[in-house]
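These protein sequence lines are chains A and B, in that order.
Under the working numbering, the residues of the first sequence are numbered 1 to 419, in order.
Under the working numbering, the residues of the second sequence are numbered 1001 to 1419, in order.
Backbone N, C-alpha and C fix where the C-beta goes; we use that ideal spot for every residue, glycine too.
Protein chains: 2
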Amino acid sequence: MTVKTNVNVEAQAIEAKKASKKLMVLSTEERNEALLHLADVLEREYETILAANEKDLEAGREKGFTEAFMDRLSLSKERISDFAQGLRDVSKLEDPTGQVLSDWTLENDLRVEKVTVPLGVIGMIYEARPNVTVDATGLALKSGNAIVLKGGSNAINSNAAIVEVMHKGLAETKVPKEAVQFIASTDRAATNELFTMKEHIDVLIPRGGGKLIQAVVENATVPVLETGVGNCHIYIDKAADVEKAINILVNAKTDRPAVCNAAETLIVHKDWLAENREALVKALQENDIQVHGDEHVLDVLPGSVPAGEEDWANEYLSTDIAVKSVDDVLEAIEHIETYGTKHSEAIVTEDEEAAQKFFALVDAAALYHNASTRFTDGGALGFGAEIGISTQKLHARGPMGLPALTTIKFLMKGTGQIR
Amino acid sequence: MTVKTNVNVEAQAIEAKKASKKLMVLSTEERNEALLHLADVLEREYETILAANEKDLEAGREKGFTEAFMDRLSLSKERISDFAQGLRDVSKLEDPTGQVLSDWTLENDLRVEKVTVPLGVIGMIYEARPNVTVDATGLALKSGNAIVLKGGSNAINSNAAIVEVMHKGLAETKVPKEAVQFIASTDRAATNELFTMKEHIDVLIPRGGGKLIQAVVENATVPVLETGVGNCHIYIDKAADVEKAINILVNAKTDRPAVCNAAETLIVHKDWLAENREALVKALQENDIQVHGDEHVLDVLPGSVPAGEEDWANEYLSTDIAVKSVDDVLEAIEHIETYGTKHSEAIVTEDEEAAQKFFALVDAAALYHNASTRFTDGGALGFGAEIGISTQKLHARGPMGLPALTTIKFLMKGTGQIR
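Following this line, the structure appears as structure tokens:
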């Protein structure tokens, strides 16, 4: 597979739009059958994909990428089977389109139905993770959308091969292969072209690090589904149960430090800290948690280093944690308001009133009372599939399932009604 | 009231954000009481408002504005009473916040609630229509949101007086007067400042002509609720009932030609046209509808003038109409795809299959089978209040009621759950 450097992004987007019209008239079953067939074909043709993946890995080794990066890039027969299984799982989910959200009849007998329909064309911009190529295609086709894929340059051979195999598979289904467009370019200009293609692309979904997402949000005129960073806080209130508090803190910080629903800052009530210092110190030490604390914390927690302004805003994605001490729940809420990213925020307390204040005043997608922030996740919440975790307020907020890939139409059925 | 030219837009937005926090903890009743009180105060202080309005009218007369423009600008005791009645009506509507959209319990007994909450701060950018100042404030407060108002320069004295009166009224309620911010500037730079104030403003709503809306959509990084132009089509199919077709056409074109759900183009099947030419000609003549037709139409409909490319895209907002003849429903759908604005589109036919194709393939907020496009309206659909008609696909599409001014929070109630 040769990677072109000159691609006609607009022509591909137009093809996707045309294909999306064909997708709209397919039945749920026809789309599910295509997903199942894609799964089989991916497993059957895994060697083609692995051969292409080897090229990306070789280039990656030459560039000296980190182990974690190489791990995400690297495919195997088993991983490809996992992708296939993912498609089979998605095929079993409820069709998010064609759902009548509400219906009523006006006094003049005009019937009104508010029905979910596909968005049309999804533009997916992501980093060097070949799994997204399959996942995103599965979610798009399941929800009746065409997709334009623009993956990270360092996975371009793997992605090209995956799409080639999927195209081959789609040719044997009712889904037109033009519904899956792959921008085979390592040129950043190709990505930028997608930003303004409002006529052909209905929504852009950036998946990856903060910088990628910000670039899309700031430059795109196509609407964006923003999935963002999580600077999540655990607030241990004066009236917090010590066991719950420590369990939740340790879990939210250390279960998977690199994910967006992990805790990055502990806010702790000074009275609780005074009373439970020893238990907290023990837990922090046992779990190798490095504290960056404010002045009061530095005095109280041994081994802590001073926290600067940047620590309050930092998404460590490691076992480091910023620790801020406060005098009451309102001070905690204010700190979250200043530094939070509106993702997931938790309060640990036995005081119902404090919890209610926290729920009412903290502006975030997910709020927790006496539970770990780690549950902000489509899988954990039982959504079946997750597009991402939205940190925006419009359209979808928090973990997004398949319905986030739909819009609505009002369908009016009359017998000649005029106004 | 002196109009300042130097305003601190950011300081006002920050005040609005602070006030929005206070609004969030008020009860439905407290917000409704504030609306009712505002209604009374507006009626009581109408003379202050009329005096300020007179200044705007005088300036408008000097500038030689059109009669229609002056009419929209002009206030009277009765109009102010209408505004007050509008607030009273809104106070009676269901609170769109605090609604539990869904709730479930995970296997580990973590309770999940998906609840509607206010967006926070709404930025309203509108033209010289003082009624929007009151309407938008009412909808914002009803839904628990603060609002930043930036109205058209030519109504600045009227708007300033209305806000002054409302502030006076709010001082006697639980709603902080800072929840209603008025940008008292005629400087366009003040509007532009709102475009990027993402930290303090949660959504911008432009209300007015296409140019205003496009300026906001293209330049704002704050999310926008886009209400757009309506280039709506009536497609008269081969199998259309002649009476229904003509009634719907005349109603959609002439009932209120200047509104966005009025028809701008008639697409007509050539066979139907051949058979029903006389009836159509009679209806067009009786209703003074000026036809801009394609070549076939020019031959068939007397008095029609040639339609150019610009006619197919034009929102006439008059009794002019573009007429396109087609050979089948797919050609009609294609024309709508090329020139439509995804607002409201109608098919008149007795052929169920043609109607189904139209419903499946036309990409628009509202689709009609055998009814006039004029029903795309929050009032007509029974929404109680209408924020505008969204021509975007994300968040809200079509007529937007109060729920469009809310977002959601996931509220998780646990007993120490970790993952």
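Contact criterion: CB-CB distance below 8 Å. Does residue i meet it with respect to chain A?
i: Asp1363(B); result: yes
i: Thr1415(B); result: yes
i: Asp1328(B); result: no
i: Leu1119(B); result: yes
i: Lys1021(B); result: yes
i: Asn1192(B); result: no
i: Lys1282(B); result: no
i: Ile1236(B); result: no
i: Ile1321(B); result: no
i: Asn1008(B); result: no
i: Lys1244(B); result: yes
i: Asp1231(B); result: According to the sequence provided, residue 1231(B) is Asn. The question's Asp does not apply to it. Not an interface residue.
Using a Cβ-Cβ distance under 8 Å, would residue i count as near chain B?
i: Arg419(A); result: yes
i: Val3(A); result: Because Val3(A) sits at a pLDDT of 48, beneath the cut-off of 50, its placement in the model cannot be relied upon, and the following sentence gives the value as read from the coordinates. No - not a single Cβ of chain B is within 8 Å of the one on Val3(A).
i: Asn53(A); result: no
i: Gln392(A); result: yes
i: Asp255(A); result: yes
i: Val203(A); result: yes
i: Ala360(A); result: yes
i: Met124(A); result: no
i: Met412(A); result: yes
i: Leu149(A); result: no
Quick one: using the 10 Å Cβ neighbour count with 16 as the cut-off for buried, is residue i buried or exposed?
i: Thr173(A); result: buried
i: Val429(A); result: Since the first and last residues shown for chain A are 1 and 419, residue 429(A) lies out of range.
i: Val1100(B); result: exposed
i: Pro1302(B); result: exposed
i: Gly379(A); result: exposed
i: Val423(A); result: Not covered by the structure: residue 423(A). The range shown for chain A is 1 to 419.
i: Gln85(A); result: exposed
i: Leu1402(B); result: buried
i: Leu330(A); result: exposed
i: Ser1372(B); result: buried
i: Ala51(A); result: exposed
i: Glu1386(B); result: buried
i: Lys1063(B); result: exposed
i: Thr1002(B); result: Note that Thr1002(B) scores 43 on pLDDT, short of 50, meaning its location in the model is unreliable; the coordinates nonetheless yield the value given after this. Exposed, by the Cβ-count rule.
i: Asp1135(B); result: buried
i: Asp1202(B); result: buried
Hey, residue i and residue j are a contact pair by Cβ (cut 8 Å); roughly how many whole angstroms apart?
i: Val1175(B); j: Leu1026(B); result: 7 Å
i: Asn1154(B); j: Ala1184(B); result: About 14 Å; that fails the 8 Å criterion.
i: Ser344(A); j: Asn261(A); result: 5 Å
i: Asp294(A); j: Ser325(A); result: 6 Å
i: Phe1410(B); j: Gly398(A); result: 5 Å
i: Leu1405(B); j: Ser1143(B); result: 4 Å
i: Leu110(A); j: Gln417(A); result: 5 Å
i: Ala1245(B); j: Ala1354(B); result: Going by Cβ atoms, the distance from Ala1245(B) to Ala1354(B) rounds to 13 Å, so no, they are not a contact pair.
i: Leu1196(B); j: Val1222(B); result: Looking at the sequence shown, residue 1196(B) is not Leu but Thr. Confirmed, Cβ separation roughly 7 Å.
i: Asn1145(B); j: Asp1056(B); result: Their Cβ separation, rounded to whole angstroms, is 27 Å, which puts Asn1145(B) and Asp1056(B) out of contact at 8 Å.
i: Thr28(A); j: Asp95(A); result: 4 Å
i: Lys426(A); j: Thr319(A); result: It is not possible to answer for residue 426(A), since the shown part of chain A is limited to 1 through 419.
Would you give the residue range spanned by the beta strand (DSSP E) that residue i belongs to?
i: Val1065(B); result: It should be pointed out that residue 1065(B) corresponds to Phe in this sequence rather than to Val. No beta strand (DSSP E) holds Phe1065(B); DSSP gives it neither H nor E.
i: Pro206(A); result: 203-207
i: Gln1181(B); result: 1180-1182
i: His1292(B); result: 1290-1293
i: Asn1370(B); result: 1366-1371
i: Gly379(A); result: Neither: Gly379(A) is in no beta strand (DSSP E) and is coded neither H nor E.
i: Ser1102(B); result: 1100-1105
i: Tyr1235(B); result: 1232-1236
At which residues does the alpha helix (DSSP H) containing residue i begin and terminate?
i: Ile162(A); result: 156-170
i: His1269(B); result: Where His1269(B) is concerned, there is no enclosing alpha helix (DSSP H), although the beta strand (DSSP E) it sits in stretches over 1263-1269.
i: Ile125(A); result: Run containing Ile125(A): none in the alpha helix (DSSP H); it sits in the beta strand (DSSP E), 121-126.
i: His1200(B); result: That residue, His1200(B), is in no alpha helix (DSSP H); it is neither H nor E in DSSP.
What in chain E is Cβ-close to residue i, meaning under 7 Å?
i: Arg1397(B); result: The chain labelled as chain E is not found among the protein chains of the depicted structure, namely A and B.
Inset, instruction - Can you give me, in chain order, the residues of the stretch 362-382 of chain A that have a beta carbon less than 8 Å from any beta carbon in chain B? - result: Asp363, Ala364, Ala365, Ala366, Leu367, Tyr368, His369, Asn370, Ala371, Ser372, Arg374, Phe375, Thr376, Ala380, Leu381, Gly382
Legend entry - chain B contacts made by the stretch 128-146 of chain A, where a contact means CB separation under 8 Å: none
Inset, instruction - Pull out every residue of the stretch 1194-1228 of chain B whose Cβ sits closer than 8 Å to any Cβ of chain A, in chain order. - result: From the stretch 1194-1228 of chain B, only Asp1202, Val1203, Val1217, Glu1218, Thr1221, Pro1223, Leu1225 have a Cβ closer than 8 Å to chain A.
Inset, instruction - With 9 Å as the limit, tell me which residues of the stretch 1021-1042 of chain B have their beta carbon closer than that to any beta carbon of chain A; keep them in chain order. - result: Lys1021, Met1024, Val1025
Inset, instruction - Check distances from the C-beta atoms of the stretch 1284-1310 of chain B to those of chain A and list, in chain order, the residues that come in under 9 Å. - result: none
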